[in-house]
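Right, one structure below, let's go through it.
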Amino acid sequence: MNVIVFGANGQLGRTFQYLENDYRDEFQFHFYSSNVADISNVERLKQLKSDIVPDVVINCAAYTKVDLAETEVDLAYLVNVDGVRNLAQVFQESMIVHYSTDYVYHNECAMPLKESDPLDPKGIYAKSKLLGEIELAKYADNYLIMRTSWVYSPFGQNFVKTMLRLGKDNTELKIVNDQIGCPTYTFDIVKASMELIKYHYNREEKRTTEVYNFANEGTISWYDFAKVIFRFADVNIKLIPISSAEFNLIAPRPEWSKLNLQKVKNVLDTKIPHWLESINHCLSHIKANA
Ligand SMILES: NC(=O)c1ccc[n+]([C@@H]2O[C@H](COP(=O)([O-])OP(=O)(O)OC[C@H]3O[C@@H](n4cnc5c(N)ncnc54)[C@H](OP(=O)(O)O)[C@@H]3O)[C@@H](O)[C@H]2O)c1
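Counting from 1, position 115 in the sequence shown corresponds to residue 114 in numbering that gives the first Met the number 0; the numbering is continuous, with no gaps.
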């Protein structure tokens, strides 16, 4: 099967590149970073399709700067809404795998959030991600959406790497302790994505329009997660728990981001790792490649 991955230089895209060999028997990957294929450029997408008509399009491209989106509104919508619509319209013959966020729920119900729960995104990034989902559903008839949370990896920018960097130059750090959810490791997202693609391809009805939550198992606050990162990384630092209001973030974040994983678990053969196992793997990877 031919697979095109857009946004290949982001943390999820780079993880697909890293794990490509594991899927070589069945999948031939073609990776496009933003400078080679801008998903907001519909003519460029048509040109690419004239070279390869992929069986699967994996969209790792996104505008992900949650706070900056409040001022870069047009750019956030251009990538997260128009870009996704372009993919849906140009790659009509392909299955489109797309990623969205726990922020689309923003529902403080304190029960794990189900795919069917009401959606109430707050902030430009979250709103643009939901609109992207809506456009995909409107223009494509073969797609998978995976809503995930608190994504990290050994690659690119994320909370884990920020902690390791700040841990080098600081003796104490203030970390938010009133946002609860689950950090999700890109290696686990890639593995689950590939299983879902195979599952839907092997069914008699090859087309799908499913939305799945996907995160690692377990629940934690950013503050407790930071404590574990520093403990595993053997960094001695004082952590001070603070509220989101004290941290003064520009864009609103949900206090409750725990995703209900039952739907995806009904399909996956592989057990979803607990966040503790995955952060251990990520930190070992970073250490081994330092
Ligand atoms: N990060 C999180 O905590 C989080 C949480 C929940 C859901 N998600 C979702 O998970 C997915 C993957 O996130 P990630 O963390 O891997 O994001 P990321 O590291 O920020 O990567 C996004 C990639 O998209 C590329 N891109 C931006 N605009 C583009 C355009 N117009 N055309 C083509 N590529 C473009 C960027 O290119 P450049 O390299 O040129 O900037 C970057 O390489 C996204 O859909 C995101 O919304 C992320």
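Idealized CB from N, CA, C, for every residue including glycine.
Owing to the predicted nature of the structure, the values given are computational and were not obtained by experimental measurement.
Original post:
For Ile57, is the classification buried or exposed, using 16 other Cβ atoms within 10 angstroms of its Cβ as the cut-off for buried?
Top reply: buried
**OP:** For Tyr211, verify whether its CB is less than 6 Å away from any heavy atom of ligand 1.
**Re:** no
**OP:** Taking only runs that begin and end inside the stretch 187 to 233, name each unbroken alpha helix (DSSP H) of 4 or more residues, in chain order.
**Re:** 221 to 231
**OP:** Answer yes or no: the CB of Asp187 versus the heavy atoms of ligand 1, is any distance below 6 Å?
**Re:** no
Original post:
Would the stretch 91 to 108 and the stretch 262 to 269 be scored as touching if the rule is three or more Cβ pairs under 8 Å?
Top reply: no
Subject >> Length-filtered (4 minimum) alpha helix (DSSP H) runs lying within the stretch 17 to 67 >> reply: 41 to 50
Original post:
By Cβ distance, which residues of its chain are closer than 6 Å to Asn176, with the 5 residues on each side in sequence left out?
Top reply: Ser220, Tyr222 and Pro240
Original post:
Cα separation between Val80 and Ser152?
Top reply: 25 Å
Original post:
According to the neighbour-count rule (16 or more other Cβ atoms, all chains shown, within 10 Å of its Cβ), is Thr14 buried or exposed?
Top reply: buried
Original post:
Is the number of C-beta pairs between the stretch 66 to 77 and the stretch 117 to 130 that are closer than 8 Å three or more?
Top reply: yes
Original post:
Less than 6 Å between the CB of Ala125 and some heavy atom of ligand 1, yes or no?
Top reply: no
Original post:
Quick one: what's Val83 bridged to in DSSP?
Top reply: Per DSSP, none; premise fails for Val83.
**OP:** Tell me whether Asp66 counts as near ligand 1, meaning its Cβ is closer than 6 Å to at least one heavy atom of that ligand.
**Re:** no
Original post:
Across which residues does DSSP place Thr240 in a beta bridge pair?
Top reply: Position check: residue 240 holds Pro in this sequence, whereas Thr was assumed. DSSP lists Ile174 as partners of Pro240.
**OP:** Could you tell me the boundaries of the alpha helix (DSSP H) in which Thr161 lies?
**Re:** Phe158 to Asp168
Original post:
Of all the alpha helix (DSSP H) runs that stay within the bounds of the stretch 252 to 289, which reach a length of 4 or more residues?
Top reply: 261 to 264 and 274 to 287
**OP:** Please report how far the alpha carbon of His280 lies from the alpha carbon of His273, in whole angstroms.
**Re:** 11 Å
**OP:** Say yes only if the C-beta of Val150 is nearer than 6 Å to one or more non-hydrogen atoms of ligand 1, and no if none qualify.
**Re:** yes
**OP:** Give the single residue among Arg84, Pro182, Arg230 and Gln46 whose Cα lies nearest to the Cα of Ser256.
**Re:** Pro182
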